[in-house]
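Residue numbers (our numbering), protein chains in the order written: chain L, 1 to 226; chain G, 1 to 226. Ideal placement from N, C-alpha and C gives every residue a C-beta, glycine not left out. What follows is one structure encoded as structure tokens, with my remarks underneath.
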């Protein structure tokens with residue numbers, strides 16, 4: 001039996017492909033965090049479908065009211081509008097949830113120590129993300145140091161960021177190559193039946209699939225020419 | 001008006017004295033985390049009383065079901081017995097909640113970034129604690145690096161551990177000197193009206209007060225000779 005690895009799976013494209021990468025060498029344990037994000041309903045369906053696809057036995061879904069309580073992000077506060085593509089160019093968009101990856105990774109480390117997993121996979125991307133500071137390689141390197149000093153001496157847990165230097169279209173290509181269930185993933189910032197096709201996240205996704213030369217099979221509310 | 005500082009306040013002795021220290025220079029913002037720990041009811045009362053004492057306006061109490069979900073600690077799992085004093089000498093006791101301080105600090109950083117606080121005070125103690133790895137000075141140093149790289153470029157948040165090298169009796173002495181409301185704090189691992197006086201945590205507290213030459217005014221279920 002392969003060693004266990006915890007994979008942080010939102011249900012989006014990046015975490016799905018990250019799971020596909022981890023699946024090559026590890027027994028997958030999926031962690032999903034419900035922090036009252038706008039699209040939780042859709043994300044959770046995606047999470048479960050991806051987990052089914054990889055036959056994941058250990059799944060942990062946990063509720064985290066904290067981020068919605070403190071507010072300040074359009075992802076958790078419906079009074080703040082979702083950004084329109086390019087409007088925030090150069091700045092960190094209002095979808096930013098402060099220090100989110102640190103919170104998520106802390107959960108993942110805690111769970112990993114409890115279940116004996118040695119690796120934590122997270123689908124963060126440094127360049128092709130929205131400029132979030134907790135998505136940089138340096139951040140993860142420093143976090144690995146925190147794990148080393150903050151867990152039991154014999155615990156040996158390490159964060160793996162396999163797509164950190166990929167562009168979004170490369171993630172799509174890699175996902176296709178690894179036969180990842182890309183059509184099960186959810187990227188849109190809206191919680192509708194179909195992806196809106198016009199939010200920041202949809203446009204990034206559509207562009208990435210086009211650049212990768214891959215057709216995106218999820219339903220869109222607008223007509224996308226592939 | 002002083003700068004804001006977030007103080008992690010459980011309601012115990014250490015966090016109370018830490019708040020007293022922070023109170024000298026900062027406008028206090030209290031963060032309390034309810035993770036279904038056995039003594040949450042008592043801790044929350046202490047938290048509110050300490051907050052009242054320092055007239056704290058910004059208080060955040062947040063629920064975190066995660067640790068109870070993953071289990072493995074006698075603090076959150078009532079099927080695991082509370083340790084008896086000295087029984088676990090040399091080992092990390094079963095009260096250990098894996099990577100708890102990393103989770104708590106991540107919350108504190110996220111809140112601090114949102115409300116514009118620059119300091120985070122935590123009442124961790126390296127030597128006179130239970131050997132928890134996430135209570136060491138090195139751990140907090142590494143965490144400060146994570147904050148530097150994982151928050152917005154202009155954010156300048158730092159963790160302060162003012163009692164990290166103190167012994168428990170020195171914390172009591174310092175608390176007394178600073179007029180901290182020690183009689184409002186709760187240390188016992190039991191959720192009873194009076195502190196049990198015989199659990200690991202009570203015995204450490206009683207010993208510390210005795211060594212400090214300070215009378216502990218909280219009610220005990222047993223007769224303590226001061």
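Residue-chain proximity (residue i, chain G), Cβ-Cβ < 8 Å
i                      : result
residue 41 of chain L  : no
residue 53 of chain L  : no
residue 209 of chain L : no
residue 119 of chain L : no
residue 24 of chain L  : no
residue 98 of chain L  : yes
residue 134 of chain L : yes
Below-8 Å beta-carbon distance, residue i vs any chain L residue
i                      : result
residue 27 of chain G  : no
residue 60 of chain G  : yes
residue 92 of chain G  : yes
residue 3 of chain G   : no
residue 49 of chain G  : no
residue 11 of chain G  : no
residue 116 of chain G : no
residue 72 of chain G  : yes
residue 145 of chain G : yes
Between the CA atoms of residue j and residue i - distance to the nearest angstrom
i                      : j                      : result
residue 178 of chain L : residue 162 of chain L : 14 Å
residue 56 of chain L  : residue 28 of chain L  : 6 Å
residue 18 of chain L  : residue 71 of chain G  : 27 Å
residue 180 of chain G : residue 42 of chain G  : 18 Å
residue 174 of chain L : residue 61 of chain G  : 43 Å
residue 78 of chain G  : residue 190 of chain G : 11 Å
residue 212 of chain G : residue 170 of chain G : 7 Å
residue 2 of chain L   : residue 32 of chain L  : 22 Å
residue 160 of chain G : residue 143 of chain G : 11 Å
residue 16 of chain G  : residue 224 of chain G : 22 Å
residue 14 of chain L  : residue 209 of chain L : 13 Å
residue 167 of chain G : residue 200 of chain G : 16 Å
residue 103 of chain G : residue 107 of chain L : 7 Å
residue 196 of chain G : residue 205 of chain G : 11 Å
residue 54 of chain L  : residue 11 of chain L  : 13 Å
residue 30 of chain L  : residue 155 of chain L : 20 Å
residue 51 of chain L  : residue 59 of chain L  : 8 Å
residue 135 of chain G : residue 114 of chain L : 18 Å
residue 222 of chain L : residue 25 of chain L  : 39 Å
residue 219 of chain G : residue 21 of chain L  : 57 Å
residue 194 of chain G : residue 158 of chain L : 43 Å
residue 117 of chain L : residue 116 of chain G : 36 Å
residue 105 of chain G : residue 215 of chain G : 32 Å
residue 137 of chain G : residue 202 of chain G : 25 Å
residue 23 of chain G  : residue 128 of chain G : 23 Å
residue 217 of chain G : residue 149 of chain G : 44 Å
residue 49 of chain G  : residue 182 of chain G : 11 Å
residue 207 of chain G : residue 131 of chain G : 18 Å
residue 198 of chain G : residue 192 of chain G : 13 Å
Opposing strand residues paired with residue i [DSSP bridges]
i                      : result
residue 171 of chain L : Residue 171 of chain L is not bridged to any residue.
residue 121 of chain L : L:7, L:160
residue 62 of chain L  : L:33
residue 28 of chain G  : G:5
residue 149 of chain G : Answer is none; residue 149 of chain G lacks a bridge partner.
residue 220 of chain L : L:195
Presumed contact (8 Å Cβ cut-off) between residue i and residue j, rounded CB distance
i                      : j                      : result
residue 65 of chain G  : residue 151 of chain L : With 8 Å as the limit, residue 65 of chain G and residue 151 of chain L do not qualify as a contact, their Cβ atoms being about 21 Å apart.
residue 187 of chain G : residue 99 of chain L  : Not really, about 30 Å apart at Cβ, beyond 8 Å.
residue 46 of chain G  : residue 184 of chain G : 6 Å
residue 94 of chain G  : residue 68 of chain G  : 15 Å between Cβ atoms; not a contact.
residue 63 of chain G  : residue 34 of chain G  : 5 Å
residue 38 of chain L  : residue 75 of chain L  : 6 Å
residue 126 of chain G : residue 164 of chain G : 5 Å
residue 139 of chain L : residue 146 of chain G : 7 Å
residue 141 of chain G : residue 5 of chain G   : With 8 Å as the limit, residue 141 of chain G and residue 5 of chain G do not qualify as a contact, their Cβ atoms being about 19 Å apart.
residue 81 of chain G  : residue 97 of chain G  : Actually they do not touch by this definition, with Cβ atoms about 16 Å apart.
Chain G contact residues for residue i, given Cβ-Cβ distances below 8 Å
i                      : result
residue 69 of chain L  : 60, 62
residue 103 of chain L : 103, 106, 107, 110
residue 138 of chain L : 149
Neighbour list for residue i in chain G, Cβ cutoff strictly below 7 Å
i                      : result
residue 57 of chain L  : Residues of chain G passing the Cβ test: none, with the nearest at roughly 16 Å.
residue 219 of chain L : Near residue 219 of chain L there are no residues of chain G at all, since even the closest Cβ is about 34 Å away, more than 7 Å.
residue 156 of chain L : What residue 156 of chain L touches in chain G: nothing, since even the nearest Cβ is about 13 Å away.
residue 181 of chain L : Correct list: empty, because the minimum Cβ distance to chain G is about 26 Å.
Cross-chain neighbours of residue i in chain G, by beta carbon under 9 Å
i                     : result
residue 30 of chain L : Ordered by position in chain G, no residue passes the 9 Å Cβ test against residue 30 of chain L, which lies about 14 Å from the chain.
Chain L residues whose Cβ lies nearer than 7 Å to that of residue i
i                      : result
residue 193 of chain G : Residues of chain L passing the Cβ test: none, with the nearest at roughly 29 Å.
residue 113 of chain G : 98, 99
residue 65 of chain G  : 62, 63
Under 8 Å by beta carbon: chain L residues contacting residue i
i                      : result
residue 142 of chain G : 142, 145, 146, 148, 149, 150
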